[in-house]
Amino acid sequence: MAGSAHGDIPLTTISFSQRPNGTVATVTVSNPRKLNSLNTTVLDAFLSCVPPLAQRSDLRCVIVTGGLCSVGQQAFIGGADISEMKDFSNAEAGRTFINKLHLACKALRNLPVPVIARVNGHALGGGLVVMASADLRIATSDARFGMPEVQRGVPSTIEAAMLPAQIGAARARRLLLLGDTISAQEAESWGLVDKVVQADQLDEAVEEWVDRLLKNGPRALRIQKKLFAMWEQVPLREAIEAGVWEFGTPFEAEGFEAEGRRMMNEFQMQNRQRKSRL
């Protein structure tokens, strides 16, 4: 855990849940008086606890979410903290801050296991790019999404560069040039989030996806995430060739130590048992 919850002190915490098939980590961004906005304190804590997760061989997935807020609305992450940014003394201060936010997004993208964004409220600006850095996204129906940076005199940058590929260039331009804010339902129709549920159903929906991930091959999931990262960067031919190579990886070990061989045999046996009961 990075930091500890004392009143309304901004921080980022991490907790672990031990499951029969491995470990699930939950990263919680908390800045309760400011809709969980990101400042240097929060980002430093995030960067101290998230990158080391990549070294855990028992880790199966990571959930990233926002803490409870002390104001009326709930937020996943309400953006970057304007009260800090408004006092940047020069361009270098702005570049240092935004690069730290980029490193936080990169830390999520670099995790070798699936990351689920548990979007428990508004995801704006810096919060939206953190969300976009996750692999799977579940949001509450009252959440709002937007990139309002241009309305504050700065451009949307860093992982906002992924938005044209995720939601299409026209929709990305609407968010980034107009600074529009959209509903959870519209975000789902765009593909910005994968699923929208009522607030009281959020934990159940996240847990359903965690359970499904835990049933999948852990090595296969790590390979799949590795391939996704490669597909974003290389030509199609190279991406296909990499996939051919990686497809053989789950069969490298001897006997049922090989995940692909073991899980395919288990599936075949279960299928035979089902048919025998018909």
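For the sequence shown, the numbering used here gives the first residue as 90, with consecutive numbering after it. All C-beta atoms, glycine included, are put in the ideal place defined by N, C-alpha and C.
- Contact annotation: V204 and A232 have beta-carbon atoms that are not nearer than 8 Å.
- Judged by DSSP secondary structure, T112 falls within the beta strand (DSSP E) whose first and last residues are G111 to S119.
- For G337, the enclosing alpha helix (DSSP H) covers residues L325 to G337.
- Within the same chain, P201 and V202 come within 8 Å of R311 by CB-CB distance, once the 5 residues on both sides are set aside.
- Remark: C-beta atoms of T229 and G216 do not approach each other more closely than 8 Å.
- For T130, no beta strand (DSSP E) run applies; the uninterrupted alpha helix (DSSP H) run containing it begins and ends at T129 to C138, by DSSP.
- The stretch 192 to 252 contains, as complete beta strand (DSSP E) runs of 3+ residues, the segments 204 to 208, 211 to 213, 225 to 229 and 233 to 235 (chain order).
- Contact between the stretch 275 to 293 and the stretch 217 to 227 is established, with three or more Cβ pairs separated by less than 8 Å.
- A straight line joining the alpha-carbon of V116 with that of Q357 spans about 37 Å.
- Excluding the 5 residues flanking it on each side, F105 has same chain C-beta neighbours closer than 6 Å at T112 and A114, in chain order.
- In the DSSP assignment, the residues bridged to K284 are I227.
- For S172, the secondary structure class from DSSP, reduced to helix, strand or coil, is helix.
- In this structure, L124 sits near V160, with a CB-CB distance shorter than 8 Å.
- R145 and A134 have their C-alpha atoms spaced approximately 19 Å apart.
- In this structure, the CA atom of P109 is about 26 Å from the CA atom of D289.
- The Cβ atoms of I171 and R241 lie closer than 8 Å to each other.
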